[in-house]
Amino acid sequence: MMDQAIIRQITQIVGRENAVEDKESRICYSYDATNIRYLPDLIVFPRTPQQISEILKLANQSHFPVIPRGAGTGFTGGTLPVEGGVVAVLTKMNKILKIDPENLLAIVEPGVVTYDLQLEVEKIGLFYPPDPASLKTSTLGGNVAECAGGPRAVKYGVTKDYVLGLEAVLPMGEIISTGVQTVKSVVGYDLTKLLVGSEGTLGVITKIILRLLPLPKAKRTMLAIFPAIEAAAKTVSQIISSRIIPTTLEFMDNATIRCVEDYLHMGLPVEAGALLIIEVDGAPEALNGEIEEIQKICQANQAMETKVAKDNREADELWKARRAVSAAVVKLNPTKINEDVTVPRSKVAEILRRVEGISKKHNLIIVNFGHAGDGNIHVNVLIDRRKPGDEERAHAAVKEIFGATLDLGGTLSGEHGICITKAPYLGMELGDMGMEVMKRIKKSFDPNNVLNPGKIFPGGVGQSAAPAH
Amino acid sequence: MKEMNEVQEEARRCVKCGNCLSQCPVYLETLEEPLAARGKMALVEALKEDDPEYSKRFSKILSQCLLCGTCSENCPNGVTGDEIIREARSLMVQGKGLSLPKKAIFKYFLDSEHLMSLVLKGGASLQHLFLKKIPEESGLRLRFPVPLLDSRRFIPPLAKDPFLAIHSGWKRAEKETMRVGLFVGCVSNYLFPRVAKAALDLFLRNGISVYIPENQRCCGLPAFGSGDEETPHSLARKNIESFNQENLDQIIAPCASCAAMLKLDYPLLFGESDSFHAQALAFSRKISDSSWFLARLPGLKLNDARRGRKALRVTYHDPCHLRRKLGIFQEPRDLLKGAPGVEYVEMRDANRCCGQGGSFNILNYDLSLKILDRKAQAVADSGADIVTTTCSGCMLQLMDGLHQAGVKKEVHHLVEMVNQAAQL
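Following this line, the structure appears as structure tokens:
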């Protein structure tokens, strides 16, 4: 437990109404969407970068951890206070400071909910594309820290492709601005790109300058059903090679389809090998041509059925199945181990084949779905935490899946991050020298290891922030 | 009444995805995790069965929930957050008992034979001593501070005579085709008898005879929502007995909150082994919400006199109990669209909770007002002259909210609107 004197000092920095340490609040800020729990000692709601700076300076003097938090919807434990300490919740720094239609940018505070920004900019015909599934709850600060993705990444990229600049408080309390408000700049090292996806370990983000696009004028949605995964995967490759980049290209494997059909009873074909949901957006004149082209490709690859939505309502219906996946899969088994490996597009069918082999070998239920368009598969291993042996087999399977992923030229995480859940596997992808260089960067930013300790690097960076307790 | 481990088992189904944070009206105003369903599920999970520490903080957190059900409606895992929270309140009442003021109000006032009507009738004649009229409005404000009642509050005057004092027993229709009971509800009885009267007139005009037992009581929802299960049990018994005395096709409750309580919760108050269970089930099956009932009446007689005159622009607020608990939202809109002389306009976020939440708005007036303000703005932006709804709690809240926001629109119950269209 942290010293009461220090807690008083921190409370003075943010004001009494912005600091809580009662048992109930600590429980409520001990988890994220992994449902793993670590109790913090204190929770604060800073309102300015100066307050965060003072807290971090104090943290370096008195050696306690500081953990930044948005809405707490991350999937890898990024905001869990694994060594206790102070959770700094950024949700009340939630103003949209500026939307600039001439310069196509927005400047926001980290606590702004992603969907709220999207609604605001869409009112004036602008577009912020990254669409993580959590967008109605998650904050832009969290999205930046984890470089969040989403189905639209296949065409539009991910969060890091939209961050022009940041203001951040570094672990020793320094407040810096990185990046620009212009389209181009090359001045010194790209600190913006370093901070995006740094999972709250190199700085606390206090302002974000985001690039916006013009809002596409129209959108068309279709569904295609295939007898086998290979057919669906070939279709994905061919769509891209025919120079059509859909806005989203989502797939569901047979296990997922069965699961969702069980849950929603909407008449999904439970014998199908896979289904694809494909969306194209842009000028309305071009879309009909593109959809027709895509339909032809699907049919050439033995699609059993293709359905094009006539309007928004029908499009919504087509998406229903994909949106229900998260809820449907936990009915198979209550504990979901949710990985998001990414392979080159051309290797999607192969990784799925290997995952199937691994699931049979370890006698596990594994369902696969996700962003086929960019090779980002959500591999969900479903176990029952309470059953002895389940967790061990799951971890063994996950390790093999990571091995297969890297073997095929892929990466361990497309959009969820490493934090604590994937830290043990980091070396597999980065190698010793890669990890070494990253640790050097962390140490140079945070010599006392106070900012979000215990994340990314398995076994730590060599120094613990908090005194042993 | 559920056991703690049962309630905890349900709370454990929450996987902490955070979806509820994007919907919860209380979280959206405060941005405090304990005040969202996700936080409360974690707190319920953390209770120790042999030594549950119902601390003041825990109690306060539990009380700051509207029970609006928006979390449950949007939970991808089907966790019924509002029900679990109500059950946790019930566990607390079992463990710690009710607070003294609540106990006094629920047990001795709501469940009283005569005290409630005596006090409110007396109050009606003395109210000008405590309340002063707000110029240009139909409401009142407190003259001096009264505990628990914020002095900014807009208070509708108590009716000179409660509805049940004037209208009770059988009201026979000419050419009777149906016989229904009318469950008036406390707010309509003491504050807005015109609502129950509108329902009565509509039914009689349409060949429906109405039975209004004079000794009907409060439905018990205010107590039930607070976790008290004894008072509702006692009230339920009395209400069921008083309506079951007559042979009725249906029992109409114009207040959606009452309707939900009577239809969905009454059977749960009597265990299956309880001899009264069958009567409770039979009673609950007959309960209908007024809009659902009216929408299904063949040839509902509405007067055409308003046709051709300048239409009244009317919007509709979905009560949480009607939309989320009873699943009814199309019927009220259809009735309004079909009423002659009425132009229906949909308001933004019509199904967002008004912030009343039973005792929530008394104990958390500022927070309630903040939630309410969004609704008031939506009403103003809709361009409607009148806002209608089918819950008396919402009516009270809307009147106060529109007044606080300076939005001069009338608030009416749907049946008044439908009946008014019929009579104007």
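These protein sequences, in sequence, are chains A and B. Read the first sequence against my numbering and you will find it ends at 469, with the numbers running on by one and no gaps. Read the second sequence against my numbering and you will find it ends at 1424, with the numbers running on by one and no gaps. Backbone N, C-alpha and C define an ideal beta-carbon position, used for all residues, glycine too.
Under 7 angstroms between beta-carbons, which chain A residues line up against phenylalanine 1058 of chain B? List them in chain order, please. Glu24
Could you give the residue range of the alpha helix (DSSP H) that holds isoleucine 1240 of chain B? 1230-1244
Beta-carbon of proline 1213 of chain B versus every beta-carbon of chain A: anything under 8 angstroms? no
With hydrogens ignored, establish whether the beta-carbon of leucine 170 of chain A is closer than 7 angstroms to any heavy atom of the ligand HEM. Because no ligand of any kind appears in the structure shown, any question about the ligand HEM cannot be addressed here.
Can you check which of these residues, B:Ala1339, B:Ile1371 and B:Lys1096, is closest to tyrosine 1054 of chain B by C-alpha distance? B:Lys1096
Can you check whether the CB of glycine 417 of chain A is closer than 8 angstroms to the CB of glycine 72 of chain A? no
Output, in chain order, the set of chain B residues within a Cβ distance shorter than 9 angstroms of valine 259 of chain A. First, the amino acid is wrong: residue 259 of chain A is cysteine here, not valine. In chain order: nothing, as chain B lies at least about 13 angstroms away.
Report yes if the CB atom of methionine 470 of chain A is closer than 8 angstroms to the CB atom of alanine 272 of chain A, and no otherwise. Here chain A comprises residues numbered 1 to 469, so residue 470 of chain A is not present and cannot be evaluated.
Members of the stretch 1341-1354 of chain B that neighbour chain A once the beta carbon cut-off is set at 9 angstroms: none
With C-beta atoms as the reference, is methionine 1417 of chain B less than 8 angstroms away from threonine 1388 of chain B? yes
Backbone CA spacing between threonine 235 of chain A and asparagine 1019 of chain B [nearest angstrom]: 33 angstroms
Check whether the stretch 243-259 of chain A touches the stretch 144-158 of chain A, taking contact to mean three or more Cβ pairs, one atom from each stretch, closer than 8 angstroms. yes
The stretch 1036-1059 of chain B: which residues have C-beta closer than 9 angstroms to a C-beta of chain A, in chain order? Ala1036, Arg1038, Gly1039, Lys1040, Ala1042, Leu1043, Glu1045, Ala1046, Glu1053, Ser1055, Arg1057 and Phe1058
Rounded C-beta distance between valine 398 of chain A and isoleucine 337 of chain A? I'm assuming under 8 angstroms. 7 angstroms
Taking the alpha carbon of leucine 119 of chain A as the point to measure from, which residue in A:Ile96, A:Glu102, A:Pro110 and A:Glu109 has its own alpha carbon closest? A:Ile96
I'd like to know if the stretch 184-192 of chain A and the stretch 394-413 of chain A are in contact, where contact means that at least 3 CB-CB pairs between them fall below 8 angstroms. no
In three-state terms, what does DSSP make of aspartate 1400 of chain B? helix
Closest Cβ-Cβ distance between proline 1025 of chain B and chain A: below 8 angstroms? no
Under 7 angstroms (Cβ pairs) to chain A, residues found in the stretch 1008-1019 of chain B: Val1015, Lys1016, Cys1017, Gly1018 and Asn1019
Spatial distance of alanine 466 of chain A from aspartate 41 of chain A (CA atoms): For alanine 466 of chain A, the predicted model reports a pLDDT of 45, less than 50, meaning its position is unreliable; a value from the coordinates is still stated below. Alanine 466 of chain A and aspartate 41 of chain A: Cα-Cα distance of roughly 11 angstroms.
By the three-class DSSP mapping on this structure, what secondary structure does asparagine 368 of chain A have? strand
State the CB to CB distance for the pair glycine 1181 of chain B and phenylalanine 1224 of chain B, rounded to an integer number of angstroms; the pair is presumed to be in contact (CB under 8 angstroms). The pair is not a contact, with the Cβ atoms about 21 angstroms apart (cut-off 8 angstroms).
Just to confirm the assignment, what range does the beta strand (DSSP E) spanning glycine 1169 of chain B have? 1169-1171
C-beta contact flag for proline 1319 of chain B and cysteine 1391 of chain B at 8 angstroms: yes
Applying a beta-carbon distance threshold of less than 9 angstroms, which residues of chain B neighbour aspartate 32 of chain A? Lys1016 and Gly1018
Return the CA-CA distance between isoleucine 1252 of chain B and aspartate 116 of chain A, expressed in angstroms with no decimal places. 41 angstroms
Would DSSP call valine 341 of chain A helix, strand or coil? coil
Using a Cβ cut-off of 8 angstroms (strictly closer), state whether asparagine 1364 of chain B contacts chain C. Of the protein chains in this structure, namely A and B, none is chain C.
Report buried or exposed for glycine 1227 of chain B, applying the criterion of at least 16 other Cβ atoms within 10 angstroms of its Cβ. buried
Would you tell me roughly how many angstroms separate the C-alpha atoms of lysine 1016 of chain B and glutamate 1049 of chain B, rounded to the nearest one? 22 angstroms
Chain A partners of isoleucine 1061 of chain B, CB-CB under 8 angstroms? Glu24
Status (buried if at least 16 other CB within 10 Å, exposed otherwise) for methionine 2 of chain A: buried
Any chance you could list the beta strand (DSSP E) runs of at least 3 consecutive residues sitting entirely within the stretch 1039-1078 of chain B, in chain order? none
Could you give the distance in angstroms between the alpha-carbon of serine 1168 of chain B and the alpha-carbon of serine 1125 of chain B? 22 angstroms
Alpha-carbon to alpha-carbon, lysine 1409 of chain B and leucine 1424 of chain B: Confidence in leucine 1424 of chain B is poor, its pLDDT being 41 and thus under 50, which makes the residue's placement too unreliable to answer from.
Counting only C-beta atoms, is isoleucine 13 of chain A closer than 8 angstroms to chain B at any point? no
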